[in-house]
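Take a look at the structure set out below.
In the numbering used here, the protein residues as written are 1 to 589.
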């Protein structure tokens, strides 16, 4: 292999590759120069040097053919301009070309490294999003993170793309992407590129073939204050006017509203009606706010504006028979809302003294909606903070999953999940920006927990840590959990394994990383991703408690119910990872 000599003044690193006669006589010649495998082509009385590895899937380009200065790879028929390396097939990427010099009948090639590989990877993330090319996205993300780039960079690209390139606005794709960036700190390093890949591919798929969303401008030269814009926003949502609502959002951002004020504006409208769009609107709003916390609030206008349409078209549970019959829940919660101002005022002097969470939980899991509303009011009156009440309701919703019986219809898993993801979003929202309006969401979540009660008839017995077997080593349990999820419907077994592992204080970080990795090896399922991410958020607040064990049991059971999948998306990622390592995919095992 020839070593290159560097020119300090130009940065060029030319090295001898072959003689002109050698290339002319054979038409092509593969050479190894300074760690690069290069193919030299003789075509139309000129010599061209390109990387011999097809940028698509690594097939040797010397096995391809050249015609009219177009090089064609013979594996997937990717085509390249021989002179520039530019591809005519965006799924393949450009092939690297090496400048050449002819010196006394010898071919010298410049093997100096590309000037901005990270910039190229960022561009390929965008192109993968635009054309819905999972392999392109995978290779770009792996390349970026392997170079030590911040994961926020590709996340931000995907967030801005998704917010602008889908007329319907924020949806499952951006929610999955945000879930993935939230999961990242809990994952093993090897799984982090895969999480971003899954999130970005979800955005690309949801935007594919969709018309873009065109931004509305803020009100011109407006001096309108944020409280007025909040009032107008709620009025526009009330009459399902998405355009008016969107203009209020961008005007509030432009007026300087901070993240708490924007959360307050949005959450108020999201809870003006009951459990709208089975919780998706409020959950999406919470995720949009979390996305901006990561990517930067300078993207607030396009990101938050993308929520407006979902608010305007959302179903309202006042219109749902389940919320009206056989028990009309609307008068119950409306009556509770009327008491909230006085209740909060009376509870203020007693903040920090409430110790009846277990009793409240028991009522929440009962079958009397009026008693549930009364218990929530009583807890608030006795000093339970709004965020604490929300946490108990979120835990109750998680228990519906942890005790979900597999004799239910399979689709009922989603019913329990919708309640839990909504309850978690309300809880996280109150931690960000507590308000009497958002507190109404706690009552909505509690009523949904009540409606889900039949999913726990019969209720699966919780695998309490105190009852779990201590015969198995925790590392053995972790090692066996992936095998459980290789088989269908290992629901109860997976929940028990989690409880056993956490017995005697085993390291929860290893369990979280494993659950995250098991989630990522499956094909994307929106609701499963929501479940695991929300459980991780709740566990962060409950770690070391029995409730913390129960929420992780819920995550394991839900994941097991939805595994194994075909895992086709994982195959694409595996290909990208092997290519990044330089493996020769075209060769037999």
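Heads up, the beta-carbon is just placed ideally off N, CA and C, and yes, glycines get one too.
Cβ neighbours of residue 416 within its own chain (closer than 8 Å, five residues either side excluded): 397, 400, 401, 404, 452, 455. According to the DSSP assignment, residue 265 belongs to the alpha helix (DSSP H) that extends over 259–270.
Straight-line measurement puts the Cα of residue 350 at about 8 Å from the Cα of residue 381. In the DSSP secondary-structure assignment, residue 108 is bridged to 16, 101. Closest in C-alpha terms to residue 44, from the list 276, 27, 208, 508, comes 27. Per DSSP, residue 240 lies in no alpha helix (DSSP H) segment and is marked neither H nor E. By the neighbour-count criterion, in which a residue is buried when 16 or more other Cβ atoms sit within 10 angstroms of its Cβ, residue 225 is exposed. Residue 563 and residue 143 have their alpha carbons spaced roughly 29 Å apart. Taking C-alpha positions only, residue 150 is separated from residue 529 by approximately 23 Å. Its chain contains 129, 177, 199, 200, 203 as the residues whose beta carbon lies nearer than 7 Å to that of residue 158, once the 5 sequence neighbours on both sides are disregarded; these appear in chain order.
Taking the CA atoms as reference points, residue 569 sits about 8 Å from residue 524. Per the C-alpha coordinates, the member of 37, 406, 90, 245 positioned closest to residue 459 is 406. Per the DSSP secondary-structure output, residue 32 pairs in a beta bridge with 37. Taking one beta carbon from each stretch, the region 210–222 and the region 180–199 have fewer than 3 pairs nearer than 8 Å; the two do not touch. Residue 246 and residue 311 have their C-alpha atoms some 10 Å from each other.
Judged by pairs of C-beta atoms under 8 Å, the region 264–278 touches the region 429–448, as three or more such pairs exist. If you check the CB distance, residue 522 and residue 549 do not come in under 7 Å. Between the C-alpha atoms of residue 299 and residue 413 there is a straight-line separation of about 35 Å. Rounded to the nearest whole angstrom, the CA to CA distance from residue 324 to residue 318 is 7 Å. Going by C-alpha positions, residue 502 is about 11 Å away from residue 512. Boundaries of the alpha helix (DSSP H) harbouring residue 576: 568–580, taken from the DSSP string. For residue 275, the secondary structure class from DSSP, reduced to helix, strand or coil, is coil.
For the region 163–242, the full-length alpha helix (DSSP H) segments reaching 4 residues or more read 172–183, 192–207, 226–238 along the chain.
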